[in-house]
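Worksheet for the structure shown next.
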Amino acid sequence: MGKRVGMEVSIAAAEVVGLCDVDVIAAYPITPQTHIVEHLSELVAEGHLDAEFVPVESEHSAMSTCVGAAAAGARTFTSTSSQGYALMAEICYIASSLRLPIVMAVANRALSAPINIWNDHADMMMSRDTGWIQTVAENGQEVVDLLLHAYRVAEDPRVLLPVIVNLDGFTLSHMIEPIWLPDKEEVDRYLPPYKPKLRLDPRNPMTFGPVGMPEVYTEAKKAQDEAMNGALPVIIEAWGEFEKQFGRAYRPVETYKTDGAEILFLTMGSISETAMTAVDKMRAEGKKVGLVRLRLWRPFPAKELVDVLKRAKAVAVVDRAMAFSTRSGPLCVEVKAALYDHGVSPYVQNFIAGLGGRDVTVEDFEAMAAKTGDGLSKGLPMAYEIVNVRE
Amino acid sequence: MVEIRFHGRGGQGGVTSAELTALAAIEQGKFAQAFPSFGPERRGAPVMAFVRVSDRQIRTREKVYSPNFVVVLDPTLLQIVNVEAGVPEDGIIIVNTKLSPAQLRESLGFKRRLAVVDASTIAVEVLRVPITNTTMLGALIKATDVVSIDALRGPLEKRFGPIAERNLKACLRAYDETVVEG
Numbered sequence: 000m001g002k003r004v005g006m007e008v009s010i011a012a013a014e015v016v017g018l019c020d021v022d023v024i025a026a027y028p029i030t031p032q033t034h035i036v037e038h039l040s041e042l043v044a045e046g047h048l049d050a051e052f053v054p055v056e057s058e059h060s061a062m063s064t065c066v067g068a069a070a071a072g073a074r075t076f077t078s079t080s081s082q083g084y085a086l087m088a089e090i091c092y093i094a095s096s097l098r099l100p101i102v103m104a105v106a107n108r109a110l111s112a113p114i115n116i117w118n119d120h121a122d123m124m125m126s127r128d129t130g131w132i133q134t135v136a137e138n139g140q141e142v143v144d145l146l147l148h149a150y151r152v153a154e155d156p157r158v159l160l161p162v163i164v165n166l167d168g169f170t171l172s173h174m175i176e177p178i179w180l181p182d183k184e185e186v187d188r189y190l191p192p193y194k195p196k197l198r199l200d201p202r203n204p205m206t207f208g209p210v211g212m213p214e215v216y217t218e219a220k221k222a223q224d225e226a227m228n229g230a231l232p233v234i235i236e237a238w239g240e241f242e243k244q245f246g247r248a249y250r251p252v253e254t255y256k257t258d259g260a261e262i263l264f265l266t267m268g269s270i271s272e273t274a275m276t277a278v279d280k281m282r283a284e285g286k287k288v289g290l291v292r293l294r295l296w297r298p299f300p301a302k303e304l305v306d307v308l309k310r311a312k313a314v315a316v317v318d319r320a321m322a323f324s325t326r327s328g329p330l331c332v333e334v335k336a337a338l339y340d341h342g343v344s345p346y347v348q349n350f351i352a353g354l355g356g357r358d359v360t361v362e363d364f365e366a367m368a369a370k371t372g373d374g375l376s377k378g379l380p381m382a383y384e385i386v387n388v389r390e
Numbered sequence: 000m001v002e003i004r005f006h007g008r009g010g011q012g013g014v015t016s017a018e019l020t021a022l023a024a025i026e027q028g029k030f031a032q033a034f035p036s037f038g039p040e041r042r043g044a045p046v047m048a049f050v051r052v053s054d055r056q057i058r059t060r061e062k063v064y065s066p067n068f069v070v071v072l073d074p075t076l077l078q079i080v081n082v083e084a085g086v087p088e089d090g091i092i093i094v095n096t097k098l099s100p101a102q103l104r105e106s107l108g109f110k111r112r113l114a115v116v117d118a119s120t121i122a123v124e125v126l127r128v129p130i131t132n133t134t135m136l137g138a139l140i141k142a143t144d145v146v147s148i149d150a151l152r153g154p155l156e157k158r159f160g161p162i163a164e165r166n167l168k169a170c171l172r173a174y175d176e177t178v179v180e181g
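The listed protein sequences derive, respectively, from chains A and B. Residue numbers for the first sequence follow numbering that gives the first Met the number 0, so the first one is 0 and each next one is one higher. Residue numbers for the second sequence follow numbering that gives the first Met the number 0, so the first one is 0 and each next one is one higher.
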């Protein structure tokens with residue numbers, strides 16, 4: 000049986016990765032790194048985990064090591080953040096294009112300049128089109144659950160794509176809270192051993208990642224797009240199996256008090272918990288406000304999202320990163336596109352909040368709801384606003 | 000839900016105080032969060048750490064703005080940090096000091112209830128180092144009952160191993176010696 004423990008979320012993440020019997024962990028151990036790989040290195044050094052821990056000289060090398068190891072048939076793991084993630088980006092594209100089921104935890108942090116080590120979603124948005132499946136956690140329990148889910152999805156022969164589990168830097172990565180950790184037997188029951196379809200093997204030589212001439216590159220990218228779309232039902236199925244075994248339910252799009260709501264917030268990550276508290280407060284005051292949380296960032300669950308948002312009069316999309324000059328944050332751009340594609344047009348107000356570690360409070364959510372309600376009732380043009388910014 | 004703010008200096012173990020409090024609460028079956036004031040860590044600089052404890056699942060990721068209880072590990076901070084900031088009227092400030100509550104109130108003009116203990120002396124005598132993080136947990140528990148001393152035992156053992164017993168002793172002595180204003 001698993002057990003309820005008090006633990007830093009990063010340590011719990013390392014523990015569950017260890018339970019997944021990873022073969023190779025490659026990581027750059029210096030800032031911007033978390034305790035995730037530090038604890039994994041301890042597990043390996045102390046003999047609790049039979050894996051290769053490769054302390055590389057950069058994040059670029061960390062992902063390169065994972066690519067090589069995964070191509071040879073190993074179960075691999077790495078973790079990074081912000082600037083390190085940016086340095087890794089080149090190889091992230093290669094990992095997904097080679098269809099290697101690498102799993103990575105990203106403690107989401109701002110990108111410099113100005114130098115800032117705190118939490119926002121700039122790095123998540125930077126990696127939007129790297130071709131990785133991306134899930135988003137709201138608390139420590141979800142980090143553990145989603146990492147376990149990540150291996151099952153990534154290695155499924157119908158998917159074979161790398162998976163990122165996003166967790167808010169500091170706000171989650173450095174938080175101590177109660178977490179239910181599964182035991183080895185439970186993990187083994189959920190996660191079958193990895194059986195690679197194709198792998199680098201001297202006895203059966205093959206090439207991974209050759210040149211793709213103009214005659215084939217387009218087809219390769221189309222195949223990748225289809226693989227990403229085809230992953231959606233497998234992701235949902237793996238969450239269904241997770242719920243059956245562990246009792247905790249996950250969906251691509253999750254809702255909180257959306258029944259009868261006229262204004263719906265859309266959030267990602269740990270501010271969703273603060274948003275729930277704000278919704279409770281506003282509901283108690285008779286305000287028809289609800290919350291939609293995007294659990295799955297890639298593949299983007301457009302239809303599932305529109306099915307929920309179309310019931311509201313107004314949507315307040317809370318972005319935690321900039322998309323310069325578009326007058327919409329990166330999440331809102333996609334929401335608007337999805338709504339347009341499905342012929343639905345609620346009033347959409349976009350808020351940029353929580354950049355570079357700026358706190359997002361219950362009061363902020365109340366102010367955003369009031370502003371959205373005001374814009375809706377007065378028929379104001381749909382707006383874009385950076386919350387609490389000093390002019 | 001109860002919120003606690005710890006004031007210390009980098010290297011004094013304020014973050015550990017917060018962690019141990021949260022771990023003890025979780026051991027008691029409660030819900031808790033512990034987190035540092037995120038930023039570049041500097042030895043000796045004023046730092047803070049935070050705890051939330053609740054009987055129900057905690058669903059907020061806000062910073063702590065109005066802590067019910069404040070614990071001051073280092074008396075030299077009282078001159079440079081407003082440790083009373085944001086504390087509601089029924090809050091308690093728990094201070095490592097040689098002064099009595101009345102003397103402390105007079106010299107610094109505190110408005111909230113005070114609890115005091117000479118944790119530096121206890122730490123030096125029991126632990127042989129002037130690190131007051133575990134000692135001040137005894138004062139916190141005496142003043143607030145936010146967790147039980149028993150629940151602290153497991154987390155202390157896990158954290159400190161062979162010197163856990165001495166830390167517990169310092170904690171218990173502070174519990175006995177803490178003076179809480181009526």
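No residue lacks a Cβ here, since even glycine has one placed at the ideal position from N, Cα and C. Small disclaimer: the values here were computed from a predicted structure and weren't measured.
8 Å Cβ cutoff, residue i in contact with chain A
i        : result
Lys168/B : no
Thr15/B  : no
Thr75/B  : no
Gln27/B  : no
Glu61/B  : yes
Ala21/B  : yes
Phe37/B  : yes
Gln32/B  : yes
Arg152/B : no
Glu156/B : no
Arg58/B  : yes
Residue i classed as buried or exposed, judged by whether at least 16 other C-beta atoms fall within 10 angstroms
i        : result
Ile29/A  : exposed
Tyr346/A : buried
Tyr249/A : buried
Arg55/B  : exposed
Gln102/B : exposed
Ser376/A : exposed
Arg51/B  : buried
Ala84/B  : exposed
Phe391/A : A question about residue 391/A goes unanswered here, because the residues of chain A that appear run from 0 up to 390.
Ile175/A : buried
Nearest residue (CA-CA) to residue i, options the options
i        : options                                   : result
Gly168/A : Asn138/A, Ala149/A and Asp144/A           : Asn138/A
Val16/A  : Arg151/A, Thr129/A, Gly342/A and Ser96/A  : Arg151/A
Ser63/A  : Ala50/A, His47/A, Ala11/A and Tyr92/A     : Tyr92/A
Pro154/B : Leu136/B, Glu83/B and Lys141/B            : Leu136/B
Met367/A : Glu384/A, Ile175/A and Gly378/A           : Glu384/A
Glu53/B  : Met0/B, Asn166/B, Ile79/B and Gly90/B     : It is worth fixing the name first, because residue 53/B is Ser in this sequence and not Glu. Among Met0/B, Asn166/B, Ile79/B and Gly90/B, the Cα nearest to that of Ser53/B is on Met0/B.
Ile235/A : Phe323/A, Val215/A, Pro298/A and Val359/A : Pro298/A
Asp117/B : Lys29/B, Asp175/B, Ala48/B and Asn166/B   : Asp175/B
Leu167/B : Thr131/B, Gly90/B and Arg4/B              : Thr131/B
Ser269/A : Thr134/A, Thr33/A and Glu41/A             : Thr134/A
Same chain, Cβ closer than 7 Å to residue i, five either side skipped, listed in chain order
i        : result
Leu99/A  : Val66, Ala69, Ala70 and Pro161
Met124/A : Ala320 and Pro329
Arg326/A : Tyr383
Met281/A : Val288, Glu365 and Ala368
Phe207/A : Ala70, Leu97 and Leu199
Beta-carbon proximity list for residue i, same chain, < 8 Å, skipping 5 on both sides
i        : result
Asp122/A : Ser80, Ser81, Tyr84, Ala85, Val105, Asn107, Arg108, Ala109 and Leu110
Arg247/A : Gln140, Asp144 and Phe241
Cβ of residue i within 8 Å of any chain B Cβ
i        : result
Thr273/A : yes
Phe169/A : yes
Ile262/A : no
Glu14/A  : no
Asp358/A : yes
Met174/A : yes
Val105/A : no
Cβ-based neighbour list, residue i, same chain, cut-off 6 Å, excluding 5 preceding and 5 following
i        : result
Val94/B  : Val71 and Val115
Val43/A  : Ala50 and Phe52
Glu253/A : Arg292 and Arg294
For residue j and residue i, believed in contact at Cβ under 8 Å, the rounded distance
i        : j        : result
Gly285/A : Leu263/A : The pair is not a contact, with the Cβ atoms about 17 Å apart (cut-off 8 Å).
Met6/A   : Ile178/A : 5 Å
Arg112/B : Glu180/B : 5 Å
Ala352/A : Val317/A : 6 Å
Met87/A  : Glu58/A  : 4 Å
Gly72/A  : Pro192/A : Not really, about 11 Å apart at Cβ, beyond 8 Å.
Val102/A : Ala153/A : 6 Å
Thr20/B  : Val146/B : 6 Å
His148/A : Ser9/A   : Wrong, their Cβ atoms sit about 18 Å apart, outside the cutoff.
Arg58/B  : Glu272/A : 4 Å
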